[in-house]
Amino acid sequence: AGCDNTSSGLESAFENNQKPVAWFHTASMGEFEQGKPIIDAFSNEYPNYFILVTFFSPSGYEVRKNSPGIDYVSYLPFDGASTSKRFLDLVNPSMVFFVKYEFWYFYLHELKNRNINTILVSAIFRKNQPFFKWYGGFFRNILTSFEQIFVQDESSKGMLHSINIQHVTLGGDTRFDRVLSNLRSAQMWSLCSEFVGQNEFVVLGSVWDADMDCLIPLINSGKFPFKWVVVPHEINESTLKSWESKIEIPVGYSKGETLDANAQVLFVNEVGRLSSLYRGALFAYIGGAFGAGLHNTLEAAVFGPTVFFGNKNFEKFHEAVELVNLGLAFPVVNSQELEEKMLEIYHSEDLLVQKQVQSRQFVASHAGATACIMNYVRINLGHPYAE
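What follows is the structure, encoded as C-alpha cells:
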C-alpha cells in the first residue's frame, strides 16, 4: 500500500534539502534492529546529516516511520535502471549503508558509478549462496560495488576471501550493541508491570500456533506459580481467540478492553512492545523454531532469563547455538521436555541466578561492532568535530 506514494513523498522530503545525506537501507524490522545502533551512533556524531532509512517490507516501515533521530523513512522504489538513477538524483547520498542481506544490482551499480561510498554492515555469508557457485559471476560482481564489507563472523570473511573479495572487515554483530542499549534504556511497560504485580512471570515471545501447542499444556498444568505474557508473532484475532479457548485460566488482552484483575495470562495484541517485556522475566520462550526459523533470542538473553525454543530451525542462528552450548538456552522437543527443564531450573535458586548473570555477560562480551564501523566512517567522512 505504502509504495504508491513513495516518489512524491521522497520529492517533497528532498527537493529543498541542503544537508549531506546518509542513507541506510534495511529490508525489514529484523535488519532495522541490526542497523539501529549504527544509525544512532551516526546521528549523534554527525548531527548535520539528513538521515534517510528505507525498507523493503511493511513490517519495518509501519512501526518505525516516526523514529527519533531519523529524518525520513520510505519504501525503497523498485530496483530498476531508471528508478535507481532517479532515486539517487533526488537523494544524492554522501554515504550509504546496506544492512545484512541486501544486494540490489541497479542501485549498487549506480552508486559505484557515482563514486558514492557504500558499505555492507552486519553481513553473514553462507556456502549455499550464489556468490560461491560456479555460475555466480554476476553476484560476485555485485560485491565489488561495496567499498567495505563488515561481516559478523570469521567463516563469512574466509568465504569472501576464497572468491577474491578482500575488502572485508570482521566487525561482529551490531544486534549485541542494540540489545545492550535496550537493557540500559528499556522501561518496564506500565500495563505489563500492573499485570505482573509481585508475581514471577514468563514471556512467550513471537509465538506461532506450533509454539502454543507446546506451551498451552504447560500453562494449564498448574505446576508453575507464574503469570504468562504471550506476544504473538502476528496479531490475528481469530488465532488469539482460538488460543484463549484452549487456556483454562483467565486471559486478558493488552489492547481493546480493561484488563481483568484475575487474569493470569496476558495476550499482547499490539506491535512494538516485545523487546522491553523481557526485563524481570524468569524464563523466556522464543517462537519460530517449529516453523520457518527462530526469532530474536538476544532481545531476551540480555535481560537474563533462561531461554527456551523449539528444537527444529535454530542452527543457522549463531547466537542461539552459542547460548545452547553455554547452557543458557534449551531447544525442546515438546511440552513434556519443556516442563521438566523449567521445573529443574526453577527449583534450583543458584542455577537461576547463575544463568541470569552469564546471559548478560554473554551479550556484553560480543558488543563492539558499532564502534568498529564508526571508526571506518570517521576515516572516510572526516571527524565531525575537526572543523
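Just so you know, the sequence shown maps onto residues 896 to 1282 in my numbering. Ideal Cβ placement from N, Cα and C applies to all residues, glycine included. Please read all numbers here as calculations on a predicted model, not as lab measurements.
Residue interval of the beta strand (DSSP E) (run including Pro1127): 1122-1127
Length-filtered (3 minimum) beta strand (DSSP E) runs lying within the region 997-1025: 1012-1018
Excluding the 5 residues preceding and the 5 following Gly1147 in the sequence, name in chain order all residues of the same chain whose CB lies nearer than 6 Å to its CB. Leu1154, Asp1155, Ala1158, Leu1161
Going by DSSP, what residue range makes up the beta strand (DSSP E) through Phe1204? 1201-1205
Along the chain, where does the alpha helix (DSSP H) that runs through Pro1112 open and close? 1104-1116
Same chain, Cβ closer than 6 Å to Ala1215, five either side skipped, listed in chain order: Leu1189, Thr1192, Phe1209
Contiguous alpha helix (DSSP H) assignments of at least 4 residues, all confined to the region 938-986: 953-959, 976-986
Just to confirm my understanding: we take Lys1236, look at its own chain, exclude 5 residues before and 5 after, and list those with CB closer than 8 Å. What are they? Phe1203, Phe1225, Val1227
With H, G and I counted as helix, E and B as strand and the rest as coil, what does DSSP make of Thr1064? strand
Taking all protein chains shown into account, decide if Leu905 is buried (16 or more other Cβ within 10 angstroms of its Cβ) or exposed. buried
Starting from the C-beta of Trp1084, find all residues in its chain whose C-beta is less than 7 Å away, skip the five residues before and the five after it, and write them out in chain order. Arg1168, Ser1171, Leu1172
Counting only the same chain and skipping the five closest in sequence on each side, list residues whose C-beta sits under 6 Å from that of Asn1071. The amino acid at residue 1071 is misidentified as Asn; the sequence shows Phe. The residues are Val1258, His1261, Ala1262.
Is the separation between the beta-carbon of Thr1064 and that of Gln929 shorter than 8 Å? no
Lys1007 versus Ser1040 - alpha carbon distance: 5 Å
Going by DSSP in three states, Met1083 sits in which element: helix, strand or coil? coil
Segments assigned alpha helix (DSSP H), at least 4 residues, entirely inside the region 1191-1278: 1193-1196, 1213-1220, 1230-1241, 1244-1260, 1264-1276
How long is the line joining the alpha carbons of Ala936 and Glu1217, rounded to whole angstroms? 27 Å
Pair every Cβ in the region 1047-1061 with every Cβ in the region 1014-1021, then say whether three or more of these pairs are closer than 8 Å. yes
One or two residues paired with His1056 in a DSSP bridge: Looking at the DSSP assignment, His1056 forms no beta bridge with any residue, so it has no partner.
So for Leu1154, helix, strand or coil by DSSP? coil
Work out the CA separation of Arg1035 and Phe1026 for me, nearest whole Å. 5 Å
Below 6 Å CB to CB, which residues in the same chain sit around Asn1012 once its five sequence neighbours on both sides are set aside? Met990, Glu1042, Asn1275
Reference Ala1187, options Lys1250, Ile1130, Ser1051, Ser1101, closest by Cα: Ser1101
Any idea what DSSP makes of Ala936, helix, strand or coil? helix
Per-residue DSSP class, three states only, for Trp918: strand
How far does the alpha helix (DSSP H) with Gly1032 in it extend, from its first residue to its last? 1032-1038
Among Pro1145, Glu1232, Val1163, the one whose alpha carbon lies nearest that of Gly1151: Val1163
Residue range of the beta strand (DSSP E) that includes Leu1172: No beta strand (DSSP E) holds Leu1172; the alpha helix (DSSP H) holding it covers 1169-1172.
Sequence-distant residues of the same chain with beta carbon closer than 6 Å to Ser1254, five excluded per side: Ala1196, Gly1199, Leu1223
According to DSSP, simplified to helix, strand and coil, what is Val836? Any question about residue 836 goes unanswered here, given that the chain covers just 896 to 1282.
Could you please give me the residues that DSSP links to Ala1179 through a beta bridge? Val1098, Val1202
Based on DSSP bridge pairs, tell me the residues matched to Leu993. According to the sequence shown, residue 993 is Phe rather than Leu. Answer by DSSP bridge pairing, in chain order: His920, Leu1015.
With distances taken between CB atoms, is the gap from Phe1357 to Leu1003 smaller than 8 Å? Limits of the chain in this structure are 896 at one end and 1282 at the other, which puts residue 1357 out of reach.
Assuming Ile1037 and Phe982 make a contact with CB atoms under 8 Å, what is their CB distance in whole Å? At roughly 17 Å, the Cβ-Cβ gap does not stay under 8 Å, so Ile1037 and Phe982 are not in contact.
Would Ile1268 and Ile934 qualify as a contact pair, given that the criterion is a beta-carbon distance under 8 Å? no
Buried or exposed, going by whether 16 or more other CB atoms sit within 10 Å of the CB of Lys995? buried
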